[in-house]
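J.: Residue numbers (this note's numbering), protein chains in the order written: chain A, 116 to 348; chain B, 32 to 154. All C-beta atoms, glycine included, are put in the ideal place defined by N, C-alpha and C. Computed from a predicted model, the values in this text were never measured in an experiment. Following this message is one structure expressed as structure tokens.
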Amino acid sequence: MHQLLRIVTVGAALIVLSIPAAAEPDLSGIWMLQGRSAERELVLTMEGRRIQNAYDLLSDDPSLKCVPASISRVWANPNVLIGIEQSAERVFISYEFYDLRRDIPLSDEDSMPDMPSTQNVDGRYFKEMGSSFARYKDDRLIIETRNHAPGYIRTSRGVPQSEQSTATEELWRDGDTLKLTLTYVDETLFEIPFILDHTFIKTDDTEVPLYECTDADYDWFENLNSPQQGSSR
Amino acid sequence: MKASLAVFLLVFTAHYSNAHHATVTNFTQEVITVEGVIEQVRYQNPHSSILIKHTADDGSQKYWLIETGAKTTLHRKGVHLDRLSVGLKIQATGLKGRREYTMFLHEIVFEDGSKFSAEGVTN
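Here's what the structure looks like:
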């Protein structure tokens, strides 16, 4: 009986050892949002509602000045490419939208850089995108982001982010698609974590082209129709 | 809005519900048509646009900004603005903007009756 038990135990141990550990996911490539990002339940605090109610899309949207309003806003833009490169020390994400380059060390929070992790190709840093560090867990890449400047997680409806906001991005492969779940926690703004889900498809592109954003300045247009311009006769 | 301006209120169809958030929120669900002469074409990111000058029956003039998708989106969808030359008289149909005298383009009809469509371009 003891002999049989020993054989079973050793056999079970060999089976366990023969199962390969979950490999780091290969997320490298150039991706594009498929469909639209989906959001789960949004429950704002009183302060969150106050900021949202004061938001005026036509003047407060940072996108009007080619400024990324948040990590969420950048991931959720349709029809633009996103390149991901992985190395032993870091993850590098190139967003076509606003020509953003996000350099994320594989480290813990203690090694998180003080500087924002994101800058555009002209070298301008964006604190709205926060400072990030990353790690692999099972088949997922986990990116943690802190030190945000106030911004908007959803510019269409003025869903805010604050300096207290923390963002956790979980990225993984699902067949030919890339999945992203983005979770925002901020007790000053949300009663429960605010979670958004995204799916990306791999493209045949080999590089992320330049976007060259132009400020959406409407003043010149509104001046055309102002009485001082004499456009109305 | 001037009475002479051709404005047609149409039923908002499910098609437009697929539009990008920013498009939905920057523009109303009211479909309008405006005639005018092209003054400028901007092919750029994040929004391309066509500036037209509309002249009402009483001679008064207003500029309209006809907005459409990003240059990158138009390019990827095979939509080119080359045909839209300054000086051409057009009739543009699209969603009325929340800003005065703005529109999100669906279709342009040229004087010869030919059409240019930007439907499906959301951002």
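(1) With burial defined as no fewer than 16 other Cβ atoms inside 10 Å of the residue's Cβ, what is the status of A136 of chain A: buried or exposed?
(2) For G238 of chain A, write down the residues that DSSP places opposite it in a beta bridge.
(3) Give me the Cβ distance between E284 of chain A and L293 of chain A, rounded to the nearest whole Å; I'm assuming they're in contact under 8 Å.
(4) Our contact map puts L304 of chain A next to S280 of chain A with C-beta atoms below 8 Å; I'd like the distance itself, whole angstroms only.
(5) Assign K180 of chain A to buried or exposed, taking buried as 16 or more other Cβ atoms, counted over all protein chains shown, within 10 Å of its Cβ.
(6) Would you identify the three-state DSSP class for R164 of chain A, choosing helix, strand or coil?
(7) Report the residue from A:D334, A:M161 and A:R151 whose alpha carbon sits nearest the alpha carbon of A191 of chain A.
(8) If we cut at 8 Å on Cβ distances, does P243 of chain A have a partner in chain B?
(9) What residues from chain B crowd round L221 of chain A, counting only those whose CB sits closer than 7 Å?
(10) From this set, A:M230, A:A331, A:D214 and A:D237, which residue's C-alpha is nearest V189 of chain A's C-alpha?
(11) For the ligand MG, I want to know if T292 of chain A counts as a neighbour, meaning its beta carbon is within less than 7 Å of at least one of the ligand's heavy atoms.
(12) Taking only beta-carbon positions, decide if E327 of chain A is within less than 8 Å of chain B.
(13) Can you tell me whether L159 of chain A is helix, strand or coil according to DSSP?
(14) I97 of chain B and G125 of chain B look like a contact to me (Cβ under 8 Å); what is the Cβ gap, rounded to whole Å?
(15) For a test of the three-state rule: what should DSSP assign to H263 of chain A, helix, strand or coil?
(16) Decide if N338 of chain A is buried, meaning its Cβ has at least 16 other Cβ atoms within 10 Å, or exposed.
(17) Are the CB atoms of V72 of chain B and L105 of chain B nearer to each other than 8 Å?
T.: On the basis of the data shown:
(1) Position 21 of the first sequence holds residue 136 of chain A. Its pLDDT being 48, under 50, A136 of chain A is placed unreliably in this model, and the value from its coordinates should be taken loosely. Classification for A136 of chain A: exposed.
(2) Taking the first sequence and counting its residues from 1, one reaches residue 238 of chain A at position 123. Answer by DSSP bridge pairing: none, since G238 of chain A is not bridged.
(3) Within the first sequence, residue 284 of chain A is the residue found at index 169, counting from 1. Within the first sequence, residue 293 of chain A is the residue found at index 178, counting from 1. Going by Cβ atoms, the distance from E284 of chain A to L293 of chain A rounds to 11 Å, so no, they are not a contact pair.
(4) Walking along the first sequence from the start, residue 304 of chain A turns up at place 189. Walking along the first sequence from the start, residue 280 of chain A turns up at place 165. Going by Cβ atoms, the distance from L304 of chain A to S280 of chain A rounds to 7 Å, so yes, they are a contact pair.
(5) By one-based count along the first sequence, residue 180 of chain A stands at place 65. Exposed, because fewer than 16 other Cβ atoms sit within 10 Å of the Cβ of K180 of chain A.
(6) Within the first sequence, the letter at position 49 stands for residue 164 of chain A. R164 of chain A: helix per DSSP, three-state reduction.
(7) The residue labelled residue 191 of chain A in the question sits at position 76 within the first sequence. It is A:R151.
(8) In the first sequence, counting from the first residue as 1, residue 243 of chain A sits at position 128. At residue 243 of chain A the sequence reads Glu, which differs from the Pro that was named. Taking Cβ atoms only, chain B never reaches closer than 8 Å to E243 of chain A, which makes this a no.
(9) Sequence index remark: in the first sequence, residue 221 of chain A carries index 106 (1-based). Those within 7 Å of L221 of chain A in chain B number zero; the least Cβ separation is about 31 Å.
(10) Counting from 1 along the first sequence, the entry for residue 189 of chain A is found at position 74. Comparing Cα-Cα distances from V189 of chain A to each of A:M230, A:A331, A:D214 and A:D237, the minimum goes to A:D214.
(11) The ligand MG is not among the ligands present in this structure, which contains no ligands whatsoever.
(12) As a first step, residue 327 of chain A must be located in the first sequence, where it is residue number 212. Closer than 8 Å to some Cβ of chain B, the Cβ of E327 of chain A qualifies, so yes.
(13) As a position in the first sequence, residue 159 of chain A is number 44, starting the count at 1. L159 of chain A falls in the strand class under three-state DSSP.
(14) For the purposes of this step, residue 97 of chain B is taken as residue 66 along the second sequence, with counting starting at 1. For the purposes of this step, residue 125 of chain B is taken as residue 94 along the second sequence, with counting starting at 1. Confirmed, about 7 Å.
(15) By 1-based counting over the first sequence, the position of residue 263 of chain A is 148. Reduced to three states, the DSSP call for H263 of chain A is coil.
(16) Residue numbering aside, residue 338 of chain A sits at position 223 when the first sequence is read from its first letter. Per the 10 Å Cβ criterion, exposed.
(17) Mapped onto the second sequence, residue 72 of chain B falls at position 41. Mapped onto the second sequence, residue 105 of chain B falls at position 74. Contact flag unset, no.
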